[in-house]
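Here is the structure we will look at.
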Amino acid sequence: MEIKLTFLGAAQNVTGSRYLVQVDGANVLVDCGLYQERQFRERNWDEFYLPPGQLDAVLLTHAHVDHCGLLPKLVKEGFKGKIFCTTATSEIAQVVLLDSAHLQEEDAAYKKKRHKKEGRTGAFPEEPLYKVEDAENCNTLFVGVDYETPVEVAAGMRATFYDAGHILGSAMIKLKVNSAGEKRTILFSGDIGRKNKPIIQDPSSFEHADYILVESTYGDRDHEPVEDVKDSLAEVVNSTREAGGNICVPSFAIERSQELLYYLNELLDEKRIEPIMTCLDSPMAIRVTEIFKRHPEMYDEEMIEMLGRNKSPFDFPGLNMTVSTTESKAINSVRGTIMIIAGSGMCTGGRIKHHLVNNIARPESTLLFVGYQAVGTLGRTILDGPEEVRILGQKYPIKARVARIRGFSAHADRNEIFTWLSSIKNHPKKVFITHGEADAAKSFKGFLDERIKWETYVPEYREQVVLD
Numbered sequence: 318m319e320i321k322l323t324f325l326g327a328a329q330n331v332t333g334s335r336y337l338v339q340v341d342g343a344n345v346l347v348d349c350g351l352y353q354e355r356q357f358r359e360r361n362w363d364e365f366y367l368p369p370g371q372l373d374a375v376l377l378t379h380a381h382v383d384h385c386g387l388l389p390k391l392v393k394e395g396f397k398g399k400i401f402c403t404t405a406t407s408e409i410a411q412v413v414l415l416d417s418a419h420l421q422e423e424d425a426a427y428k429k430k431r432h433k434k435e436g437r438t439g440a441f442p443e444e445p446l447y448k449v450e451d452a453e454n455c456n457t458l459f460v461g462v463d464y465e466t467p468v469e470v471a472a473g474m475r476a477t478f479y480d481a482g483h484i485l486g487s488a489m490i491k492l493k494v495n496s497a498g499e500k501r502t503i504l505f506s507g508d509i510g511r512k513n514k515p516i517i518q519d520p521s522s523f524e525h526a527d528y529i530l531v532e533s534t535y536g537d538r539d540h541e542p543v544e545d546v547k548d549s550l551a552e553v554v555n556s557t558r559e560a561g562g563n564i565c566v567p568s569f570a571i572e573r574s575q576e577l578l579y580y581l582n583e584l585l586d587e588k589r590i591e592p593i594m595t596c597l598d599s600p601m602a603i604r605v606t607e608i609f610k611r612h613p614e615m616y617d618e619e620m621i622e623m624l625g626r627n628k629s630p631f632d633f634p635g636l637n638m639t640v641s642t643t644e645s646k647a648i649n650s651v652r653g654t655i656m657i658i659a660g661s662g663m664c665t666g667g668r669i670k671h672h673l674v675n676n677i678a679r680p681e682s683t684l685l686f687v688g689y690q691a692v693g694t695l696g697r698t699i700l701d702g703p704e705e706v707r708i709l710g711q712k713y714p715i716k717a718r719v720a721r722i723r724g725f726s727a728h729a730d731r732n733e734i735f736t737w738l739s740s741i742k743n744h745p746k747k748v749f750i751t752h753g754e755a756d757a758a759k760s761f762k763g764f765l766d767e768r769i770k771w772e773t774y775v776p777e778y779r780e781q782v783v784l785d
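In my numbering, the protein residues as written are 318 to 785.
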């Protein structure tokens, strides 16, 4: 038996998740994500490692853009196979891809206009990576599967999806490969969630795997206690209200925005904050929230109990769903403190950039980060604390308060990943550490090597290994 595994993304970096599995002429891609770090975005334009028409299937762990955002390009260039994922993931991914395509087209048009005015050319093509029609062409290829139900994805390959507890519909994928009577199991962790998080269920655990690909986004650190989240959020809301500014929250449209609404609802119920005008200024987050409402089978006990009391975290006094661009622009004329939750989560595009322009130089306002900020993104640049930052082609001084609440993270931290791995009872042949910045991945390797006598490895971009 010879299995080829090629690391085409999220290898010593966080975004662009993509892994190619090849055995006996069958080719399966696990995830097809978009690179978001500035220093890696040119890879989005590269030719695919394997011509898309030669792929049998794509297996999708979840619908974050760094795991699914390159699917329209794959389809545009000839992929005609099936995209296997949970039903919730297929519904959310279709929203995400359409939104991404709109952003691709808008950003290309904006850059083309700006560069023409400035008499220069940019570092990337002034054409969109893909268009809306390419995103729409993906829709008929999605095949929804249930958790813990094996499905044949290619000759000699059977996949089973398990709840990853990361976002709604997220999955860990156990891929069983059968060749010449020999069997091997490859476990893809996807993004590992955390126990006792709001709304969704806890991540699954496993007892056996021959090979493991494990994420390491927070492989070099541990999170602050989850119970501190509400304290921190209440402090930011109350202090910013007292200062008379706005709270700008760059937030991922999937899970993070819904979780933020959940905590705001609880703080209001507990009267720890006064009612505050809250604008969910993200058409995608609004559409995703509707998908959340359609999948109560994925809720945890606390969420079900809340609904049983006729309470919903997605509906409370002062909450406004801002759909149109006109409504979004009108936020700037509102007097008094408002909380603006807008995408994108790493400030790489979308409406949040415009809200940053209007608030970043105001000492009374707060920029609140509730999600991971990859190196090379605008969000990470702001967190690193420069005196000024470039937004939409102009430089602005950073005078607003910059706050961060780490406990919101939907990624397991170092000890939580270790606990997840510790459920494995057999001795895996190898553990591949992926989906983490180089320092974090290597730090996690050292952490594991001190505690488990397994062979661990941090692969490089486009490296291919042969699994026996």
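For every residue, glycine included, the Cβ atom is placed at its ideal position computed from N, Cα and C.
Check residue i in the structure and name its three-state DSSP category.
i, result
"Ala691", "coil"
"Tyr447", "coil"
"Arg573", "helix"
"Ser556", "helix"
"Phe324", "strand"
"Pro368", "coil"
"Gln356", "helix"
"Glu465", "coil"
"Tyr580", "helix"
"Asn563", "coil"
"Glu532", "strand"
"Asn344", "strand"
"Leu673", "helix"
"Arg697", "helix"
"Arg723", "helix"
"Leu351", "coil"
"Asp785", "coil"
"Ile708", "strand"
"Val546", "helix"
Confirm, please, whether the CB-CB distance from residue j to residue i is below 8 Å.
i, j, result
"Leu351", "Leu387", "yes"
"Ala418", "Ser568", "no"
"Gly635", "Pro592", "yes"
"Ala327", "Val345", "no"
"Ala403", "Phe478", "One detail in the question is off: residue 403 reads as Thr in this sequence, not Ala. Yes, the Cβ-Cβ distance between Thr403 and Phe478 is below 8 Å."
"Glu354", "Gly710", "no"
"Glu450", "Lys429", "no"
"Ser726", "Tyr774", "no"
"Asp416", "Met601", "yes"
"Gly724", "His483", "no"
"Glu780", "Asn330", "no"
"Val687", "Glu319", "no"
"Met663", "Ala691", "yes"
"Ile715", "Ile677", "yes"
"Asp296", "Phe761", "Limits of the chain in this structure are 318 at one end and 785 at the other, which puts residue 296 out of reach."
"His381", "Ile621", "no"
"Leu367", "Gly398", "no"
"Ala758", "Ile750", "yes"
"Thr383", "Gly333", "A quick correction: the sequence has Asp, not Thr, at residue 383. Their beta carbons are under 8 Å apart, which means Asp383 touches Gly333 by this criterion."
"Ile708", "Val748", "no"
"Ala452", "Leu492", "no"
Under the assumption that residue i contacts residue j (Cβ atoms under 8 Å), give the Cβ distance between them as a whole number of angstroms.
i, j, result
"Pro703", "Glu619", "Pro703 to Glu619, Cβ: 40 Å. No contact."
"Gly666", "Asp424", "6 Å"
"Phe609", "Leu485", "6 Å"
"Leu585", "Phe523", "About 39 Å separates the two Cβ atoms, so there is no contact after all."
"Pro445", "Gln421", "4 Å"
"Val651", "Ile603", "With 8 Å as the limit, Val651 and Ile603 do not qualify as a contact, their Cβ atoms being about 18 Å apart."
"Tyr535", "His728", "5 Å"
"Gly461", "Ser407", "5 Å"
"Arg668", "Asp756", "With 8 Å as the limit, Arg668 and Asp756 do not qualify as a contact, their Cβ atoms being about 32 Å apart."
"Ile490", "Leu376", "6 Å"
Identify which residue in the options has its Cα closest to the Cα of residue i.
i, options, result
"Tyr447", "Leu458, Lys390, Thr466 and Gly461", "Lys390"
"Leu718", "Val566, Ala727, Lys759 and Asp617", "Checking the displayed sequence, the identity of residue 718 turns out to be Arg instead of Leu. It is Val566."
"Glu532", "Asp519, Val494, Pro634 and Asp508", "Asp508"
"Gly498", "Thr477, Tyr479, Met489 and Gly473", "Gly473"
"Leu530", "Gln518, Asp548 and Thr502", "Thr502"
"Gly510", "Ser487, Pro368, Lys746 and Ile590", "Ser487"
"Pro630", "Ile517, Arg538 and Lys742", "Ile517"
"Tyr580", "Ala551, Asn555 and Pro714", "Ala551"
"Asn495", "Pro520, Met489, Glu469 and Lys512", "Glu469"
"Phe343", "Asp363, Gly370 and Ile715", "The sequence as given places Ala at residue 343; Phe does not occur at that position. Out of Asp363, Gly370 and Ile715, Gly370 has the C-alpha closest to the C-alpha of Ala343."
"Tyr464", "Leu458, Cys455 and Asp480", "Asp480"
"Val546", "Ala720, Thr639 and Pro520", "Ala720"
"Tyr528", "Gly436, Phe764 and His744", "His744"
"Phe365", "Cys349, Phe357 and Gln356", "Cys349"
What do you reckon, is the C-beta of residue i under 7 Å from a heavy atom of the ligand NAD?
i, result
"Asp373", "Questions concerning the ligand NAD fall outside what the structure shown contains, since it holds no ligand whatsoever."
key: Length at least 4, wholly inside the segment 375-429: the alpha helix (DSSP H) runs in chain order   = The segment 375-429 contains these whole alpha helix (DSSP H) runs: 382-385 and 388-393.
inquiry  = At 3 residues or longer, what runs of the beta strand (DSSP E) sit wholly inside the segment 578-657?
reply    = Listed in chain order, they are 594-597 and 636-638.
inquiry  = Going residue by residue through the segment 742-783, where are the continuous beta strand (DSSP E) segments of at least 3 residues, counting only ones entirely within it?
reply    = Runs of the beta strand (DSSP E) inside the segment 742-783: 747-751.
task = At 3 residues or longer, and completely inside the segment 484-541: list those beta strand (DSSP E) runs for me, N to C.
result = The segment 484-541 contains these whole beta strand (DSSP E) runs: 488-496, 499-505 and 528-532.
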